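Same order as they appear, the protein sequences are chains A and B.
Take 7 as the starting number for the first sequence in our numbering and just add one per residue.
Take 7 as the starting number for the second sequence in our numbering and just add one per residue.
Protein chains: 2
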Amino acid sequence: MNIRFYNARILTMKEPIEIRNGELWVKDKEIVYVGDGSDKDEVLRTMGPSYSFERELDCKGNVLMPGFKDAHTHTAMTLMRSHADDMPLNDWLNQQIFPIEANMGYEEVYQFTKLGVLEYLTSGITAAMDMYLDPQAIFDAFTECGFRNVQVSGINKFGPTLEVMEERYNKFNGVNDLSSYMLGFHAEYTCEKELLQGISEMAHKYKAPVYTHGSETKAEVQGCIDRYGMTPTEFCDSLGLFDFGGGIYHGCHVTQKDMDIFLNRGLYEVTNPGSNTKLASGIAPVSLYRKRGIPIAIGTDGPASNNALDFFREMFLVTGLAKLRDGDAASTDALEVLKMATVNGAKCMHLNDCETLSVGQKADLIMIDMHQPNMQPIHNIPKNIVYSGSKQNVKLTMINGKILYEDGEFFVGCDVEKLYETCSKIIDKMGVRG
Amino acid sequence: MNIRFYNARILTMKEPIEIRNGELWVKDKEIVYVGDGSDKDEVLRTMGPSYSFERELDCKGNVLMPGFKDAHTHTAMTLMRSHADDMPLNDWLNQQIFPIEANMGYEEVYQFTKLGVLEYLTSGITAAMDMYLDPQAIFDAFTECGFRNVQVSGINKFGPTLEVMEERYNKFNGVNDLSSYMLGFHAEYTCEKELLQGISEMAHKYKAPVYTHGSETKAEVQGCIDRYGMTPTEFCDSLGLFDFGGGIYHGCHVTQKDMDIFLNRGLYEVTNPGSNTKLASGIAPVSLYRKRGIPIAIGTDGPASNNALDFFREMFLVTGLAKLRDGDAASTDALEVLKMATVNGAKCMHLNDCETLSVGQKADLIMIDMHQPNMQPIHNIPKNIVYSGSKQNVKLTMINGKILYEDGEFFVGCDVEKLYETCSKIIDKMGVRG
Chain A
7 MNIRFYNARI LTMKEPIEIR NGELWVKDKE IVYVGDGSDK DEVLRTMGPS
57 YSFERELDCK GNVLMPGFKD AHTHTAMTLM RSHADDMPLN DWLNQQIFPI
107 EANMGYEEVY QFTKLGVLEY LTSGITAAMD MYLDPQAIFD AFTECGFRNV
157 QVSGINKFGP TLEVMEERYN KFNGVNDLSS YMLGFHAEYT CEKELLQGIS
207 EMAHKYKAPV YTHGSETKAE VQGCIDRYGM TPTEFCDSLG LFDFGGGIYH
257 GCHVTQKDMD IFLNRGLYEV TNPGSNTKLA SGIAPVSLYR KRGIPIAIGT
307 DGPASNNALD FFREMFLVTG LAKLRDGDAA STDALEVLKM ATVNGAKCMH
357 LNDCETLSVG QKADLIMIDM HQPNMQPIHN IPKNIVYSGS KQNVKLTMIN
407 GKILYEDGEF FVGCDVEKLY ETCSKIIDKM GVRG
Chain B
7 MNIRFYNARI LTMKEPIEIR NGELWVKDKE IVYVGDGSDK DEVLRTMGPS
57 YSFERELDCK GNVLMPGFKD AHTHTAMTLM RSHADDMPLN DWLNQQIFPI
107 EANMGYEEVY QFTKLGVLEY LTSGITAAMD MYLDPQAIFD AFTECGFRNV
157 QVSGINKFGP TLEVMEERYN KFNGVNDLSS YMLGFHAEYT CEKELLQGIS
207 EMAHKYKAPV YTHGSETKAE VQGCIDRYGM TPTEFCDSLG LFDFGGGIYH
257 GCHVTQKDMD IFLNRGLYEV TNPGSNTKLA SGIAPVSLYR KRGIPIAIGT
307 DGPASNNALD FFREMFLVTG LAKLRDGDAA STDALEVLKM ATVNGAKCMH
357 LNDCETLSVG QKADLIMIDM HQPNMQPIHN IPKNIVYSGS KQNVKLTMIN
407 GKILYEDGEF FVGCDVEKLY ETCSKIIDKM GVRG
């Protein structure tokens, strides 16, 4: 669709960061103009005679910015939201999560992934890096909704095989421009050494980055040290797993030597402050990573541990917990957090054409409603968004040039109330209500 | 107004906590019926022939619950939102806040209090305990909007005099049923001993509770120990300030002996996790207070330090930070947090007829939209609200029987866009933009 947004404050997330009275044009899936409008006639001529706007949208001074990139999640865990709370990570996984997951098949994953998509859209999230069960169900749910997704293998000693992972890697890459699939594994503590060696070989075969949970809890790190005499990051690196980059989800408890590895391998730290807070796992040393020049992306983690897919919560926690951890109110300012939530997330997920609002980038963008009391007065837009913003301010979410959410309405090709009912019936059938 | 809410899930916040398919009637300012509707004909007969509903509102399964009570705030600091960030408390106060406040008069406080009221309403907050400049401006702004408010004196060595505080105490109490005024002072570190003695005498004269900031930072506690050989709580108590109860705002850094005083004097701990996080002041020991049986209420603090007036953020932080501090994911569960946010807040603010949804209580209530993806599936309503809720879920806010906010629209007797403009002009005139 060809859309013209005008009267917008544009937070491009590249220099110049902010255009005060800007406009932005979308042609099909791409951004074809971003600027103050002074050169628009000239640009319009270069677009050719067939180009015309199907919709012209007065932004009324609202902010346009790149959508948030959720760099770590387990979307269909919406099924367990508010079901398994107030337990430490280990008991939570073993007593609550794993037994329920054993009963989840295509239908459950498909429907609850769709439910998650709706929540992403309300939060201005335009892409998710999802590690979960049944990749076909995930692929179908995301693709049907028009939602940009990067799946990551969560292989572990309970399955699937390396052959199946490779098959999926080849099957789900290159199918459409919304979806991709990355190599990865659940975590060191759920994988035998031989399996990890096999994943490393595959990473080398495809020259592919590898993603995994790592250093989420102190106990996990100690377990790995007990087993191998190395931290999880050191051990995985010793197997060559990160020779083509990738990312570590959580990374709360890391050493300087771990950080050397992050730096040398180009690994992303993907911080998940909501989940780490709610499961009492710890606070990631965000400013230490930053001081070392290690790029940080942000993830919500799954909605059974968080329990929301709310990037405003995550962004406030990234800066707030860094300030608390450092004992320094000046730590990790708002613009830095916005970069993590947009540009860094896109880079981490290898979505290199979804980083900023600029010509040639995919039209994955959101409109932030500034006509709300929590955004007034407008002193500083990044601070307004990170320090006082909320999902309530997401007025529009566009992915790949399509508006999927606007003024509280969803345009994802399914009846939202029916989806709620379907999901409700599933949990009743599975006996996991309450 | 006489309103019937039906098809509601009612979170009464007293036994029974939840009514699944309930209805609630409001007559003028009060709740006159709460139940499952089975006895409604009978109750209707007792209401007399003149009673009829002016509006019947189908809640469609949404939740009705008591509004949140913001037990510590400085509302008109909306003026400085996003202006003075990323600084430690002391520099923030002395270099940024105090110089701006020196230039704030009636008009500034009045307009920015109104702006804060709008934000409270979007967050489901139905009453605020406000400590700020110019009580007449605050009284006027709140009262004109129909917002329930408890003002607290913030007297300190820079003003006003004890006589003025007493005058205000008598002037702003008993004027209308929305407003009251409490004795209080800014903090031990901004008051001379003689002034505190004077406040104590007044507390004894009126048998009145006293409220103050206390034990917010480690440095503040140490300063008091250096001055008087006692913690702020001990020192204030030694002057008899808390002989009639009251509350301490923040209370991050307290001793067992301080907690003895809280318990003996019936003091409320008013926790402000958003502000304490953003200013890096520390984490209040919420579960220690709870173990000692000390009641906890929740405040947002002012929007220059938080920077939002968002009770969903505060509620998640209360439980999340407790879990992190205790290293225990089971710490401080959702229902407990909801009690702090409603019943305890009301008790702390002496709003004894605004505690729960039950007959005879004031109709200060909110409707939580469950037809949003972040509330689905509905496993457990308190957990849904505290762990995944957001301002986006506030569908309606009613105070004193009047709907002041519904489906994004405000009914507070002023033009919202004009208010934004007025506020914007004020900060330009004051030169505090950006």
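Beta carbons: idealized from backbone N, C-alpha and C, even for Gly.
Quantities reported herein were computed from a predicted structural model and do not represent experimental measurements.
Listed by chain order, chain B residues near residue i by CB distance under 7 Å
| i | result |
| --- | --- |
| residue 322 of chain A | 319 |
| residue 429 of chain A | 382, 383 |
| residue 124 of chain A | 379 |
| residue 439 of chain A | 385 |
| residue 121 of chain A | 379, 382 |
| residue 116 of chain A | Chain B residues near residue 116 of chain A: none, gap ~15 Å exceeds 7 Å. |
Under 9 Å from the C-beta of residue i: neighbouring residues of chain B
| i | result |
| --- | --- |
| residue 345 of chain A | Near residue 345 of chain A there are no residues of chain B at all, since even the closest Cβ is about 15 Å away, more than 9 Å. |
| residue 289 of chain A | 330 |
Euclidean distance between Cα positions of residue i and residue j
| i | j | result |
| --- | --- | --- |
| residue 116 of chain A | residue 429 of chain A | 10 Å |
| residue 280 of chain B | residue 49 of chain A | 46 Å |
| residue 97 of chain B | residue 332 of chain A | 17 Å |
| residue 29 of chain A | residue 146 of chain B | 41 Å |
| residue 398 of chain B | residue 263 of chain A | 43 Å |
| residue 352 of chain B | residue 346 of chain B | 9 Å |
| residue 52 of chain B | residue 162 of chain B | 53 Å |
| residue 32 of chain B | residue 89 of chain A | 34 Å |
| residue 354 of chain A | residue 246 of chain A | 19 Å |
| residue 394 of chain B | residue 321 of chain A | 15 Å |
| residue 103 of chain A | residue 36 of chain B | 45 Å |
| residue 437 of chain B | residue 120 of chain B | 21 Å |
| residue 390 of chain B | residue 356 of chain B | 28 Å |
| residue 215 of chain B | residue 252 of chain B | 4 Å |
| residue 433 of chain A | residue 84 of chain A | 11 Å |
| residue 94 of chain A | residue 439 of chain A | 21 Å |
| residue 273 of chain B | residue 295 of chain B | 11 Å |
| residue 230 of chain B | residue 218 of chain B | 14 Å |
| residue 404 of chain A | residue 11 of chain A | 12 Å |
| residue 291 of chain A | residue 228 of chain B | 28 Å |
| residue 126 of chain A | residue 105 of chain B | 42 Å |
Per-residue contacts from residue i into chain B (C-beta, under 8 Å)
| i | result |
| --- | --- |
| residue 394 of chain A | 87, 88, 309, 312, 313, 314, 316 |
| residue 441 of chain A | Residue 441 of chain A lies beyond the residue range present for chain A, which begins at 7 and ends at 440; the question has no answer from this structure. |
| residue 433 of chain A | 383, 385 |
Test item: CB-CB of residue i and residue j under 8 Å
| i | j | result |
| --- | --- | --- |
| residue 259 of chain A | residue 224 of chain A | yes |
| residue 192 of chain A | residue 220 of chain A | no |
| residue 239 of chain A | residue 184 of chain A | no |
| residue 209 of chain A | residue 249 of chain A | yes |
| residue 135 of chain B | residue 80 of chain B | no |
| residue 160 of chain B | residue 137 of chain B | yes |
| residue 41 of chain B | residue 25 of chain B | yes |
| residue 204 of chain A | residue 158 of chain A | no |
| residue 293 of chain B | residue 328 of chain B | yes |
| residue 39 of chain A | residue 8 of chain A | no |
| residue 124 of chain A | residue 422 of chain A | yes |
Anticipated Cβ contact below 8 Å, residue i with residue j, distance rounded
| i | j | result |
| --- | --- | --- |
| residue 92 of chain B | residue 339 of chain A | 5 Å |
| residue 87 of chain A | residue 309 of chain A | 5 Å |
| residue 348 of chain A | residue 392 of chain A | Contact flag wrong, Cβ pair sits at about 12 Å. |
| residue 73 of chain A | residue 372 of chain A | 5 Å |
Listed by chain order, chain A residues near residue i by CB distance under 8 Å
| i | result |
| --- | --- |
| residue 108 of chain B | Correct list: empty, because the minimum Cβ distance to chain A is about 19 Å. |
| residue 93 of chain B | 335, 336 |
| residue 286 of chain B | 329, 330, 332, 333, 334, 335, 337 |
| residue 406 of chain B | None at all; the shortest Cβ gap to chain A is about 20 Å. |
Chain-ordered chain A contacts of residue i [CB-CB under 9 Å]
| i | result |
| --- | --- |
| residue 33 of chain B | Ordered by position in chain A, no residue passes the 9 Å Cβ test against residue 33 of chain B, which lies about 30 Å from the chain. |
is_contact[residue i, chain C] using C-beta, thresh 8 Å
| i | result |
| --- | --- |
| residue 390 of chain B | In the structure shown, chain C cannot be found, because the protein chains are A and B. |
> Is the region 269 to 277 of chain B touching the region 39 to 56 of chain B, taking contact as three or more C-beta pairs under 8 Å?
Replying inline: no
The region 12 to 28 of chain B in contact with the region 352 to 367 of chain B per 3-pair CB rule at 8 Å | yes
- Task: Check whether the region 314 to 322 of chain B touches the region 114 to 132 of chain B, taking contact to mean three or more Cβ pairs, one atom from each stretch, closer than 8 Å.
- Result: yes
ask   = Looking at C-beta atoms only, is the number of pairs between the region 377 to 385 of chain A and the region 108 to 125 of chain A that lie closer than 8 Å three or more?
value = no
Examine the Cβ distances between the region 413 to 426 of chain A and the region 151 to 158 of chain B and report whether three or more of them are shorter than 8 Å. no
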